[in-house]
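A.B. asks: Sharing a structure below in structure tokens format, with a few things to ask.
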């Protein structure tokens, strides 16, 4: 619906997917990923919260847990689905993106190596999902 109305008014739909959600695949390609421009995709969720606080966004909005549901008050949060807080996820993602190994990341963040490997698996799964559907090679 957003795309339809934006087209009628010659507007763009701005996506809400952030770097954290994008990297681990915690977004819907044809839901919150369906947009013309992704302003937040290069910022981790924790950075977006920091920016919102800096810009004076009301505390209630900044601190409301993210949910995959459009209904207010959803009991299932993004953090529940991911299995950790965005603070922990973003720390792990940052270390991975800096080229740190799973053992080094686990040691630096004082977490289990298995937790780091779960995030690495989520990243790999999300990358595979973003490359679907497969294209049949016809020569």
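Numbering (our numbering), first residue to last: 1 to 139.
For glycine and all other residues, C-beta sits at the position ideal for the given N, C-alpha and C.
Can you have a look at residue 91 and say buried or exposed, based on whether 16 or more other CB atoms are within 10 angstroms of its CB?
C.D. replies: Your numbering for residue 91 matches position 91 in the chain shown. Label assigned to residue 91: buried.
A.B. asks: Taking residue 81 and residue 68 to be in contact with their CB atoms under 8 Å, please state how far apart those CB atoms are, rounded to whole angstroms.
C.D. replies: The count along the chain shown starts at 1 and reaches residue 81 at position 81. The count along the chain shown starts at 1 and reaches residue 68 at position 68. Right, their Cβ atoms sit about 7 Å apart.
A.B. asks: May I ask which residues mark the beginning and end of the alpha helix (DSSP H) holding residue 119?
C.D. replies: Position 119 of the chain shown, counted from the start, is the residue given in the question as residue 119. 113-130 is the extent of the alpha helix (DSSP H) around residue 119.
A.B. asks: What would DSSP say about residue 203, mapped onto helix, strand or coil?
C.D. replies: Residue 203 lies beyond the range of the chain shown here (1 to 139); nothing can be said about it.
A.B. asks: Reducing DSSP to helix, strand and coil, say where residue 37 ends up.
C.D. replies: For the purposes of this step, residue 37 is identified with residue 37 of the chain shown, where counting begins at 1. Three-state result, residue 37: strand.
A.B. asks: Give a yes or no on contact between the region 106-121 and the region 7-20, applying the rule of three or more CB pairs nearer than 8 Å.
C.D. replies: no
A.B. asks: Among 39, 84, 25, which has the Cα closest to the Cα of residue 132?
C.D. replies: For the purposes of this step, residue 132 is taken as residue 132 along the chain shown, with counting starting at 1. The option with the nearest alpha carbon to residue 132 is 25.
A.B. asks: How about the region 53-65 and the region 97-106: do they share at least three Cβ pairs that are nearer than 8 Å?
C.D. replies: no
A.B. asks: Please look up how many angstroms separate the CB atoms of residue 36 and residue 16, rounded, as I've assumed it's under 8 Å.
C.D. replies: For the purposes of this step, residue 36 is taken as residue 36 along the chain shown, with counting starting at 1. For the purposes of this step, residue 16 is taken as residue 16 along the chain shown, with counting starting at 1. In fact, because the Cβ distance is near 13 Å, the residues do not count as touching under 8 Å.
A.B. asks: Under DSSP, the alpha helix (DSSP H) around residue 106 begins and ends at which residues?
C.D. replies: Residue 106 sits at position 106 when you count from the first residue of the chain shown. Membership of residue 106 in the alpha helix (DSSP H) is indicated by the continuous run 102-109.
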